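Residue numbers (the numbering used here), protein chains in the order written: chain A, 1 to 102; chain B, 1001 to 1618.
Backbone N, C-alpha and C fix where the C-beta goes; we use that ideal spot for every residue, glycine too.
Predicted, not measured: the structure shown is a model, and the values here were computed from it.
The next block holds one structure in the form of structure tokens; read it before the comments.
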């Protein structure tokens, strides 16, 4: 099985990460921000897999499983928070929830 | 016996510590028992020491016990050491003995009061501090006791702390005596630097060798010590705290006025009499201060309606007599009067307390009236105490001690006659003011309902003190009446003798003055009427010649004014600047806290990129 070259793989990861970051920064809808966060996490996961494949080490895949569980936990907590916030201020606009403004 | 010296101050101290730690955990009974027993046992030990001392006088006429070394700096070494010579012995006996009777009385007087255990803890500490003061071997231990007495007076005058006025009185007592204490401390430091020792006996010995009479150093130190004595003993010009100290419970007044505190100044001057002999100017000042105070306080007592304030001014006046005696070199007479005064003043305060106990703490003599029939026990004790205070000739102890002082003044060549005259006028005024209180409070018609009766804990101290007030003077009789000199012989190793007077004139004149005073009181107040009209003269003496107002104008208000003017001085502006800068930085930084999660995410990202860039490019 042919392996993906390291440079291309990392480039993919970097592009994904950048897309996710841009998504977090420019979207105002909390659901989309959460999804963008997932993209960033997965970009990190891709980087681990590529690196693991390059050096033929299982560590990369183990780290990916860790990232996956982390992402699952994060999503559940994040969705619960969004739900609660939506009950309080009936909107999903992230900028509307600035009650902690100094 | 000298191995047991430490027990005398240690027992009340232990009692005080136990009571303080056991607050709220001990029953009333246990608290009373600990409070009374600790002082009672101390008195027993003191009397045992006295017995051994008299039967078998130790070498050098003093017991000494060195407990441990406190600290050593350079060539100075200070020990916790006790020394009991005849002078200390007399003070120790009176303090512990009279103190014990006052404790016993208090157990009934304070029954049902809030803070019963706290009261006895303070009382015990008071007695312990005073015993430490009189038994100290060096000035440092003496000073520790001196300050301990000041602290306890503060705690006890403000004992009923719920009323802010009592707290103010306590603070006044502390701050006014503090003025004297500071002078005393400077005097001690001068002794330490000039003589190189703070051991009392050693310093006195060295002083006599080092300085010739009238030398500036001795005079300065004597004046500074006098400052301390004046503060503690409530003499002019630091006398203003004593009448306000009546804010405390009555047994406290008895303790402060009879057994502890105010006599500390008399003790200090008697203890350092060598210095005063070297400084004639200071010694004359002692006499003048005493004479002025005794007259001022006597006239002020005439214009008081509160029974406790009358007694307070009478204490001031009697301590004035002791100062007068010290000033004319009648050292032994001063100590004699200290002893008899302790008896009759404790008796007066306790019987006044016994009266107010039954009158719902009513202290105005014009609201009493007719108590002689209702409260015979209190009446007879108050009468005996008053007779002793007024120096009723022949049968009271006060007569003999006052006579000793006045004949000492009579015999003193330089200006003694003037002081003697002041003393005789004082004796006359004393008779008037104290029997005014007796006639108004105990005769005439009743004004207040009397309830309840006394238990043995009130009766026993009153009876014992009454007996002592009558017979206590017989240990020292003038040449005209049997010439008994027990006290003089006891004090002979410590205090120099007084010139003997065989002339009968001063004795007769002084007796006539006190009898005339009593007679005048009888004429004026036998049929007590309304309270006196508030004439300007009456108001002047009611306010004790206006010293409070004077000090208020002279000291308190200028200080408050200066504090207000100097509010924005350099130091304050420095700290205000710090506060201002903190607020400015706060305002700047809080701008970044927008509450927008996207902005936070962006700054996180930029920060991470920056950190990675630094790590990579370095």
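**Prompt:** What residue from A/98, A/27, A/42, A/90 has the CA that sits closest to residue 60 of chain A's CA?
**Reply:** Locating residue 60 of chain A in the first chain gives position 60, counting from the first residue. The shortest CA-to-CA distance from residue 60 of chain A to any of A/98, A/27, A/42, A/90 is the one to A/42.
**Request:** Assuming residue 1145 of chain B contacts residue 1136 of chain B (C-beta within less than 8 Å), just tell me the rounded distance between them.
**Result:** Counting from one through the second chain, the residue named residue 1145 of chain B turns up at place 145. Counting from one through the second chain, the residue named residue 1136 of chain B turns up at place 136. Their Cβ separation, rounded to whole angstroms, is 6 Å, which keeps residue 1145 of chain B and residue 1136 of chain B in contact under 8 Å.
**Asked** Is residue 1473 of chain B closer than 8 Å to residue 1351 of chain B when the C-beta atoms are compared?
**Response** As a first step, residue 1351 of chain B must be located in the second chain, where it is residue number 351. As a first step, residue 1473 of chain B must be located in the second chain, where it is residue number 473. No, Cβ-Cβ distance for residue 1351 of chain B and residue 1473 of chain B is not below 8 Å.
**Asked** What residue does the alpha helix (DSSP H) around residue 7 of chain A start on, and which one ends it?
**Response** In the first chain, the residue the question calls residue 7 of chain A occupies position 7. It spans 6-26 - the alpha helix (DSSP H) in which residue 7 of chain A sits, taken as one unbroken run.
**Item:** When B/1150, B/1026, B/1334, B/1032 are compared against residue 1497 of chain B, the one with the closest alpha-carbon
**Value:** Here residue 1497 of chain B refers to the residue found at position 497 of the second chain. From the listed residues B/1150, B/1026, B/1334, B/1032, the smallest Cα separation to residue 1497 of chain B is found for B/1334.
**Request:** Figure out for me which residue from B/1170, B/1269, B/1161 has the closest Cα to the Cα of residue 1114 of chain B.
**Result:** Taking the first residue of the second chain as 1, we reach residue 1114 of chain B at position 114. Of the candidates B/1170, B/1269, B/1161, the one whose C-alpha sits nearest the C-alpha of residue 1114 of chain B is B/1161.
**Request:** Answer yes or no: does any C-beta atom of chain B fall closer than 8 Å to that of residue 24 of chain A?
**Result:** Position 24 of the first chain, counting from 1, holds the residue named residue 24 of chain A. At least one chain B Cβ lies under 8 Å of residue 24 of chain A.
**Asked** Does DSSP classify residue 1076 of chain B as helix, strand or coil?
**Response** The sequence position of residue 1076 of chain B within the second chain is 76, counting from 1. Reduced to three states, the DSSP call for residue 1076 of chain B is strand.
**Asked** Taking Cβ-Cβ distances shorter than 9 Å, what residues in chain A pair up with residue 1605 of chain B?
**Response** Indexing the second chain from 1 puts residue 1605 of chain B at position 605. Ordered by position in chain A, the residues that pass the 9 Å Cβ test against residue 1605 of chain B are 21, 24, 25.
**Request:** Mind checking the region 68-102 of chain A against chain B and listing, in chain order, the residues whose C-beta falls within less than 7 Å of any C-beta there?
**Result:** Under the 7 Å Cβ criterion, the region 68-102 of chain A contributes 94, 95, 98, 99, 100, 101, 102.
**Message:** In the DSSP assignment, the alpha helix (DSSP H) including residue 1326 of chain B goes from what residue to what residue?
**Reply:** Start at 1 with the first residue of the second chain, and residue 1326 of chain B comes out as number 326. From DSSP, the alpha helix (DSSP H) with residue 1326 of chain B extends over 1307-1327.
**Request:** Quick one: using the 10 Å Cβ neighbour count with 16 as the cut-off for buried, is residue 1246 of chain B buried or exposed?
**Result:** Counting from one through the second chain, the residue named residue 1246 of chain B turns up at place 246. Flag for residue 1246 of chain B reads buried.
**Asked** For residue 1082 of chain B, which three-state DSSP category applies?
**Response** Start at 1 with the first residue of the second chain, and residue 1082 of chain B comes out as number 82. Residue state, collapsed to three classes: strand.
**Request:** Give, in chain order, every residue of the region 1591-1616 of chain B whose Cβ lies closer than 8 Å to some Cβ of chain A.
**Result:** Taking 8 Å as the Cβ-Cβ cut-off against chain A, the residues of the region 1591-1616 of chain B that qualify are 1591, 1592, 1593, 1594, 1595, 1596, 1597, 1598, 1601, 1602, 1605.
**Request:** Find out if the Cβ-Cβ distance for the pair residue 1298 of chain B, residue 1494 of chain B is shorter than 8 Å.
**Result:** The sequence position of residue 1298 of chain B within the second chain is 298, counting from 1. The sequence position of residue 1494 of chain B within the second chain is 494, counting from 1. Between residue 1298 of chain B and residue 1494 of chain B, the C-beta spacing is not below 8 Å.
**Message:** Is the beta carbon of residue 31 of chain A closer than 8 Å to that of residue 92 of chain A?
**Reply:** Reading the first chain from its first residue, position 92 is the one you call residue 92 of chain A. Reading the first chain from its first residue, position 31 is the one you call residue 31 of chain A. Cβ atoms of residue 92 of chain A and residue 31 of chain A: closer than 8 Å.
**Message:** Can you check which of these residues, B/1138, B/1134, B/1130, B/1139, is closest to residue 1151 of chain B by C-alpha distance?
**Reply:** Position 151 of the second chain holds residue 1151 of chain B. Taking the Cα of residue 1151 of chain B as reference, the smallest distance to any Cα among B/1138, B/1134, B/1130, B/1139 is reached at B/1130.
**Message:** Please report the straight-line C-alpha distance between residue 1582 of chain B and residue 1600 of chain B, rounded to a whole angstrom.
**Reply:** Within the second chain, the letter at position 582 stands for residue 1582 of chain B. Within the second chain, the letter at position 600 stands for residue 1600 of chain B. Using only the alpha carbons, I get a separation of about 24 Å.
**Prompt:** Considering residue 1381 of chain B, what are the terminal residues of the alpha helix (DSSP H) in which it resides?
**Reply:** As a first step, residue 1381 of chain B is located in the second chain; it is residue number 381 there, counting from the start. Note, residue 1381 of chain B: alpha helix (DSSP H), 1376-1389.
**Item:** Whole-angstrom distance between residue 1093 of chain B and residue 1040 of chain B, CA atom to CA atom
**Value:** Counting from one through the second chain, the residue named residue 1040 of chain B turns up at place 40. Counting from one through the second chain, the residue named residue 1093 of chain B turns up at place 93. Spanning the two alpha carbons is a distance of roughly 11 Å.
**Request:** Express the C-alpha separation of residue 1510 of chain B and residue 1478 of chain B in angstroms, rounding to a whole number.
**Result:** The residue labelled residue 1478 of chain B in the question sits at position 478 within the second chain. The residue labelled residue 1510 of chain B in the question sits at position 510 within the second chain. Whole-angstrom Cα-Cα distance: 14 Å.
**Message:** Measuring straight from C-alpha to C-alpha, what distance separates residue 1169 of chain B and residue 1010 of chain B?
**Reply:** Working through the second chain from its first residue, we reach residue 1169 of chain B at position 169. Working through the second chain from its first residue, we reach residue 1010 of chain B at position 10. Cα-Cα distance, rounded: 29 Å.
**Prompt:** DSSP state of residue 1503 of chain B, grouped into three classes?
**Reply:** In the second chain, residue 1503 of chain B corresponds to position 503, counting from 1. Coil.
**Prompt:** Whose CA, out of B/1447, B/1205, B/1027, B/1326, lies closest to the CA of residue 962 of chain B?
**Reply:** The requested residue 962 of chain B is not part of the displayed model; chain B covers only 1001 to 1618.
**Prompt:** Can you round the beta-carbon distance between residue 1098 of chain B and residue 1049 of chain B to whole angstroms, since I take them to be within the 8 Å contact cut?
**Reply:** Taking the first residue of the second chain as 1, we reach residue 1098 of chain B at position 98. Taking the first residue of the second chain as 1, we reach residue 1049 of chain B at position 49. In this structure, residue 1098 of chain B and residue 1049 of chain B do not form a Cβ contact; the two beta carbons are roughly 17 Å apart against a cut-off of 8 Å.
**Prompt:** Going by other Cβ atoms of all chains shown within 10 Å of its Cβ, with 16 needed for buried, is residue 1285 of chain B buried or exposed?
**Reply:** Within the second chain, the letter at position 285 stands for residue 1285 of chain B. Residue 1285 of chain B should be labelled buried.
**Request:** Can you give me the Cβ contacts of residue 1080 of chain B inside the same chain, cut-off strictly under 7 Å, excluding the 5 residues immediately before and after it?
**Result:** Within the second chain, numbered from 1, the residue matching residue 1080 of chain B stands at position 80. For residue 1080 of chain B, where only same-chain residues beyond five positions count, the Cβ hits under 7 Å are 1067, 1068, 1070, 1141.
**Asked** Under 8 Å between the Cβ atoms of residue 1238 of chain B and residue 1190 of chain B?
**Response** Here residue 1238 of chain B refers to the residue found at position 238 when the second chain is read from its first residue. Here residue 1190 of chain B refers to the residue found at position 190 when the second chain is read from its first residue. The answer is no: Cβ separation not under 8 Å.
**Request:** Have a look at the DSSP bridge pairing and note the partners of residue 1245 of chain B.
**Result:** Your numbering for residue 1245 of chain B matches position 245 in the second chain. Residue 1245 of chain B pairs with nothing; no bridge assigned.
**Message:** Could you compute how far the alpha carbon of residue 1548 of chain B sits from the alpha carbon of residue 1435 of chain B?
**Reply:** As a working mapping, residue 1548 of chain B is identified with position 548 in the second chain. As a working mapping, residue 1435 of chain B is identified with position 435 in the second chain. Taking the straight line from one Cα to the other gives about 27 Å.
**Message:** Please classify residue 1534 of chain B as buried or exposed, where buried requires at least 16 neighbouring CB atoms within 10 angstroms.
**Reply:** The residue labelled residue 1534 of chain B in the question sits at position 534 within the second chain. Under this definition residue 1534 of chain B is an exposed residue.
**Prompt:** Hey, would you say residue 1294 of chain B sits closer than 8 Å to residue 1426 of chain B, going by beta carbons?
**Reply:** For the purposes of this step, residue 1294 of chain B is identified with residue 294 of the second chain, where counting begins at 1. For the purposes of this step, residue 1426 of chain B is identified with residue 426 of the second chain, where counting begins at 1. Cβ atoms of residue 1294 of chain B and residue 1426 of chain B: closer than 8 Å.
**Asked** Which residue or residues does DSSP assign as beta-bridge partners of residue 1065 of chain B?
**Response** Taking the first residue of the second chain as 1, we reach residue 1065 of chain B at position 65. Under DSSP, residue 1065 of chain B shares a beta bridge with B/1082.
**Asked** Between which two residues does the alpha helix (DSSP H) harbouring residue 1275 of chain B extend?
**Response** As a working mapping, residue 1275 of chain B is identified with position 275 in the second chain. Its alpha helix (DSSP H) spans residues 1273-1278.
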